[in-house]
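Participant:
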Amino acid sequence: MQEEKEKLQLILDSAAEAIYGIDLEGHCTFCNQSCLRILGYEDQSHLLGKNMHWLIHHSRIDGSPLPIEECQILSTLTQGKGVHVDDEVLWKADGSSFHAEYYSFPQYKDGKVVGAVVTFTDITTRKQAEAEITYLSYHDPLTDLYNRRYLDEQLRNIDVEENLPISVIMGDADGLKLTNDIFGHETGDMFLKRAAAIMKSSVRRTDFVVRLGGDEFLIILPKTPELMADRIAAKIKNKFAQEQINVFCDSISLGTSIKIRWTRISGRLSPRRTRKCTPKNSQLGGAAPAI
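Read in the numbering used here, the sequence shown has 264 at position 262, and its numbers run on one by one without any break.
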């Protein structure tokens, strides 16, 4: 019997995935070396007989408690069905957490659930890569502003009655093409980056600054009356006036639109007032299009 247990342990320790078992009370009955390594424990004695939920699965990623009733690992014991989860975290011996993908399957004996076997892996690197891909898909790589794809997908969430009045500022970088032709795209890119930084620093966290492409920018200001939109546009113009990268590309043309009433046209907001904002020394490229 002892020899068979040792053989089984050798098999478990050969697995790259972390593996542990629990009884009906959730106490650890066995574990392999990968389990110890990933969790940061030196010896099985630190896990055997311990309640694994309270040891490694007690909290969510934000630190809020994860009640036993909501533990999907333990649900295997009560429901008798396997589960697969890849959007939770497990907790290490040092108190840090990591993104985990785990499977939990019930153990049956004589037709009754007697425990469960859990396998898990650390997918932190994968989650970070996924987050980076998602971020890049919604942001302009040069300016780090939201891109047109983000705008297209989020517009229906922004364009709602609760956000009225919605103001929009359209920006057009003056002289960008001439700057690119004479000084090169590196100088033009420098201006676009600085323009993005100025606009981001001039709005609130609840606002959206988007690079539509080329020299065009769009700022969406939910719950913003026209007077406040004028002030934000003026702030942007003033900041541009204080900086000068070169003689051809040192200003931005701005136009504004505002929605003040809710009208159902194909389920979207319809603008009821549109006007231009004319800060001092600005060249208007036209009023911003309605959302």
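All C-beta atoms in this analysis are idealised placements derived from N, C-alpha and C, irrespective of residue type, glycine included.
Where does glutamate 90 land, buried or exposed, given buried means 16+ other C-beta within 10 angstroms?
Facilitator: Counting Cβ neighbours within 10 Å, glutamate 90 comes out buried, since at least 16 surround it.
Participant: Kindly indicate which three-state DSSP category threonine 121 falls into: helix, strand or coil?
Facilitator: Residue state, collapsed to three classes: strand.
Participant: When the Cβ atoms of the region 188-199 are set against those of the region 207-219, are three or more pairs found closer than 8 angstroms?
Facilitator: Contact holds: three or more Cβ-Cβ distances are below 8 angstroms.
Participant: Excluding sequence positions up to five away, which residues of its chain have a Cβ less than 6 angstroms from the Cβ of lysine 241?
Facilitator: Answer for lysine 241: Ile200, listed in chain order.
Participant: Hey, is the region 79-87 in contact with the region 48-67, meaning 3+ C-beta pairs nearer than 8 angstroms?
Facilitator: At 8 angstroms Cβ cutoff, the stretches do not touch.
Participant: Just to confirm the assignment, what range does the alpha helix (DSSP H) spanning alanine 133 have?
Facilitator: First-last of the alpha helix (DSSP H) with alanine 133: 126-140.
Participant: Please report the Cβ distance between leucine 223 and alanine 231, rounded to the nearest whole angstrom; I am assuming they are in contact, meaning their Cβ atoms lie under 8 angstroms.
Facilitator: At roughly 6 angstroms, the Cβ-Cβ gap stays under 8 angstroms, so leucine 223 and alanine 231 are in contact.
Participant: Is the region 63-83 touching the region 99-110, taking contact as three or more C-beta pairs under 8 angstroms?
Facilitator: Cβ pair count under 8 angstroms is three or more, so yes.
Participant: Taking the Cβ atom as the reference point for each residue, do leucine 157 and phenylalanine 122 lie within a distance shorter than 8 angstroms?
Facilitator: No, the Cβ-Cβ distance between leucine 157 and phenylalanine 122 is not below 8 angstroms.
Participant: Which term fits tyrosine 137, buried or exposed, when burial requires 16 or more other beta carbons within 10 angstroms of its beta carbon?
Facilitator: Exposed, by the Cβ-count rule.
Participant: Could you give the C-beta distance for valine 170 and isoleucine 221, rounded to a whole number, given that I count them as a contact under 8 angstroms?
Facilitator: So it is a contact: roughly 7 angstroms between Cβ atoms.
Participant: Taking only the alpha-carbon atoms, compute the straight-line gap between serine 99 and threonine 126 and give it to the nearest angstrom.
Facilitator: Their Cα atoms are separated by approximately 10 angstroms.
Participant: Helix, strand or coil, according to DSSP, for arginine 206 in the structure here?
Facilitator: Three-state result, arginine 206: coil.
Participant: Ends of the alpha helix (DSSP H) at aspartate 146?
Facilitator: Taken as a continuous stretch (DSSP letters only), aspartate 146 belongs to no alpha helix (DSSP H), as it is neither H nor E.
Participant: For glycine 186, I'd like the list of residues in its chain whose CB is within less than 7 angstroms of its CB, leaving aside the five on either flank, ordered along the chain.
Facilitator: Closer than 7 angstroms at the Cβ level, and outside the excluded window around glycine 186, lies no residue.
Participant: When the Cα atoms are used, what is the spatial distance from glutamine 11 to leucine 41?
Facilitator: Cα-Cα distance, rounded: 18 angstroms.
Participant: Mind checking which residues open and close the beta strand (DSSP E) that includes leucine 256?
Facilitator: Segment 254-261, the beta strand (DSSP E) holding leucine 256.
Participant: Would isoleucine 21 pass as a contact of asparagine 34 if the rule is Cβ separation under 8 angstroms?
Facilitator: Cβ distance < 8 angstroms, so isoleucine 21 and asparagine 34 count as in contact.
Participant: Between the C-alpha atoms of isoleucine 13 and valine 119, what's the straight-line distance to the nearest angstrom?
Facilitator: If I take the Cα positions, the gap works out to 15 angstroms.
Participant: In the region 171-208, which residue ranges form an unbroken alpha helix (DSSP H) of at least 4 residues, counting only runs that do not cross its ends?
Facilitator: With a minimum length of 4 residues, the continuous alpha helix (DSSP H) runs that stay inside the region 171-208 are 178-185 and 187-204.
Participant: Measuring CA to CA, which of Ile262, His29, Ile238 and Lys129 is closest to isoleucine 254?
Facilitator: Per the Cα distances, Ile238.
Participant: Go through its chain and collect everything with a Cβ distance to arginine 275's Cβ below 7 angstroms, but skip five positions before and after it.
Facilitator: Bear in mind that a pLDDT of 47 at arginine 275, under 50, signals an unreliable position, so the number given afterwards is only what the model happens to contain. Only Ile260 and Ile262 meet the Cβ criterion.
Participant: What does the alpha-carbon distance come out to for the pair valine 212 and tyrosine 148?
Facilitator: The straight-line gap from Cα to Cα measures roughly 5 angstroms.
Participant: If you measure from the beta carbon of histidine 29 to each beta carbon in chain D, is any gap under 8 angstroms?
Facilitator: Among the chains in the structure shown there is no chain D, since it carries only a single protein chain.
Participant: Give the range of the alpha helix (DSSP H) segment to which isoleucine 58 is assigned.
Facilitator: Unbroken alpha helix (DSSP H) run through isoleucine 58: 54-58.
Participant: Starting from isoleucine 222, follow its DSSP beta bridges and name the residues at the other end.
Facilitator: Answer by DSSP bridge pairing, in chain order: Val170 and Phe210.
Participant: Can you name the start and end residues of the beta strand (DSSP E) that lysine 83 belongs to?
Facilitator: First-last for lysine 83: undefined, no H or E at that position.
Participant: Mind checking who cysteine 33 pairs with in its DSSP beta bridge?
Facilitator: Per DSSP, Tyr22.
Participant: Taking a contact to mean a Cβ-Cβ separation below 8 angstroms, would you say histidine 29 touches lysine 7 in this structure?
Facilitator: Against a cut-off of 8 angstroms, the Cβ pair of lysine 7 and histidine 29 comes out as no contact.
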